[in-house]
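Note that the sequence shown covers residues 161 to 414 in my numbering.
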Amino acid sequence: MTPLMLDLTQLPHSSLLANIRSPYGLLRIVENGQYRWFTLGDDHVIQGVMDKTQPDLLCAPVNQAMFISLLPITANTQLLNLGAGSGCFERALKESAIKLTSVEISADIIAAAQKYFLLDETTPIINDCAEHFIAQCQQRFDVILIDIFSAQSQQALLQKHAFWHACFTHLTPRGKIAINLAPSNEQQVINLLLLLRSLFNEFIVIEFKQFKNIVVIASNASLAGITIENIQLCDNINTANLAENIKQLLYTKN
Numbered sequence: 161m162t163p164l165m166l167d168l169t170q171l172p173h174s175s176l177l178a179n180i181r182s183p184y185g186l187l188r189i190v191e192n193g194q195y196r197w198f199t200l201g202d203d204h205v206i207q208g209v210m211d212k213t214q215p216d217l218l219c220a221p222v223n224q225a226m227f228i229s230l231l232p233i234t235a236n237t238q239l240l241n242l243g244a245g246s247g248c249f250e251r252a253l254k255e256s257a258i259k260l261t262s263v264e265i266s267a268d269i270i271a272a273a274q275k276y277f278l279l280d281e282t283t284p285i286i287n288d289c290a291e292h293f294i295a296q297c298q299q300r301f302d303v304i305l306i307d308i309f310s311a312q313s314q315q316a317l318l319q320k321h322a323f324w325h326a327c328f329t330h331l332t333p334r335g336k337i338a339i340n341l342a343p344s345n346e347q348q349v350i351n352l353l354l355l356l357r358s359l360f361n362e363f364i365v366i367e368f369k370q371f372k373n374i375v376v377i378a379s380n381a382s383l384a385g386i387t388i389e390n391i392q393l394c395d396n397i398n399t400a401n402l403a404e405n406i407k408q409l410l411y412t413k414n
């Protein structure tokens, strides 16, 4: 649930639906004619967004880029989503064969996702922090999505080798992680890649034209097939407009 670095003036004619006091800051639910989104704390950057006309669609390019780590979707894929936020992946995957485990640190955000973002109350969300959950989890996953909501807490957690080692040990042999970053500078991205290189062999780094976020996908299986050309050819609705929003896609391996 990393902030989308999007100026709220790009979503005009908005109205406030709710102000919710939470231990993590003021949670604001806002909407306009097409979109509903929420911000957390004082920075007013978007933490999660939903297209009201197509609630099951991943409308943020950053989420779409994380989604490509799931393709091709196969039956019984085991997915862990660390940072459920507004429930965009939960909505998008509710009719799929993917076995989804979702974790969200804020009980207020879980409640807001159910009340304002059409998250089915039968969709289980584990109320826990990512670090604690992954440390005690006994399950293995094919893909782990990592989308921590606060830039400050994100950087503290993402600098911990123990966290990444725990994620690695909970992956299947060909498993992948996809990380939504909101880096303050290029060095933070470099530091993360240096940490991950001790665990993973191949990496995709995606930069966006209109967002400061960066998505990193890492795996010990081949990621060479993730290219802008292949994204353009993909017929999945959740990647239909992704390629045109990508500034740069870099592939590297150890």
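Note that the Cβ used here is the ideal one computed from N, Cα and C, for glycine as well. Treat the numbers as computed from the prediction; the structure is a model and nothing was measured.
Could you check the C-alpha separation between T169 and I270 for me, to the nearest Å? The predicted model places T169 with a pLDDT of 43, which falls under 50 and marks its position as unreliable; any figure quoted below should be read in that light. Distance from the CA of T169 to the CA of I270, rounded to the nearest whole angstrom, comes to 26 Å.
As assigned by DSSP and simplified to three states, the class of E250: It is helical.
Which residue wins for smallest C-alpha separation from L242, given the options F323, L176, Q214? When only C-alpha atoms are compared, the closest one is F323.
At the level of alpha carbons, what is the spacing between D302 and G335? Our two residues, D302 and G335, have alpha carbons roughly 4 Å apart in a direct line.
In whole angstroms, what separates the C-alpha of S174 from that of Y184? A direct Cα-Cα distance of roughly 23 Å separates S174 from Y184.
Taking Cβ positions, are V190 and L200 nearer each other than 7 Å? Judged by beta-carbon spacing, L200 lies beyond the 7 Å limit of V190, meaning their Cβ atoms are not closer than that value.
Indicate whether the contact test is met: 3 or more Cβ pairs, each with one atom in the region 394 to 411 and one in the region 343 to 361, closer than 8 Å. Between the region 394 to 411 and the region 343 to 361 there are fewer than three inter-stretch CB-CB distances shorter than 8 Å, so the stretches are not counted as touching.
Using a 10 Å radius around the Cβ and a threshold of 16 neighbouring Cβ atoms, would you call Q207 buried or exposed? That one is buried.
By the DSSP assignment, the alpha helix (DSSP H) with A290 in it spans what residues? Taken as a continuous stretch (DSSP letters only), the alpha helix (DSSP H) holding A290 covers 290 to 296.
Sort out for me which residues DSSP pairs I374 with in a bridge. Answer by DSSP bridge pairing, in chain order: L341, E367.
Option in N361, I350, A316 with minimal Cα separation from I337: Taking I337 as reference, the option from N361, I350, A316 with the minimal CA-CA separation is N361.
At least 3 beta-carbon pairs within less than 8 Å: the region 247 to 257 vs the region 384 to 391: Taking a cut-off of 8 Å for Cβ pairs, the region 247 to 257 and the region 384 to 391 do not touch, as fewer than three such pairs fall below it.
Report buried or exposed for S382, applying the criterion of at least 16 other Cβ atoms within 10 angstroms of its Cβ. Its Cβ having fewer than 16 others within 10 Å, S382 is exposed.
Distance, Cα to Cα, G245 vs A273? So the alpha carbons of these two residues sit roughly 7 Å apart.
Do D268 and L187 have their C-beta atoms closer together than 7 Å? With contacts defined by Cβ atoms closer than 7 Å, D268 and L187 form a contacting pair.
Quick one: give me the first and last residue of the alpha helix (DSSP H) that Q207 is part of. Premise fails: Q207 lies in the beta strand (DSSP E), 206 to 211, not in any alpha helix (DSSP H).
Closest to P215 by CA distance: which of P221, T234, Q194, F227 is it? When P221, T234, Q194, F227 are compared, the shortest CA-CA separation from P215 is found for Q194.
Three-state secondary structure (DSSP) at E191? DSSP places E191 in strand when its eight states are reduced to three.
Alpha carbons only, please: which of V209, C394, I258 is nearest the one belonging to C248? It is V209.
Output the distance between the C-alpha atoms of S182 and L359, rounded to the nearest integer angstrom. Each residue's Cα considered, the two are about 36 Å apart.
Would you identify the three-state DSSP class for E404, choosing helix, strand or coil? DSSP places E404 in helix when its eight states are reduced to three.
Between I339 and I306, is the Cβ-Cβ spacing less than 7 Å? The answer is yes: Cβ separation under 7 Å.
Who are the near neighbours of V349 in its chain, counting only those whose CB is closer than 8 Å to its CB and skipping five residues on each side? Leaving aside the five residues that flank V349 on each side, the residues in its chain whose CB is nearer than 8 Å to its CB run, in chain order, L341, P343, V365, I374, V376.
Could you please give me the residues that DSSP links to S175 through a beta bridge? According to DSSP, S175 shares a beta bridge with E191.
Coil, strand or helix - P333 by DSSP: Strand, per DSSP.
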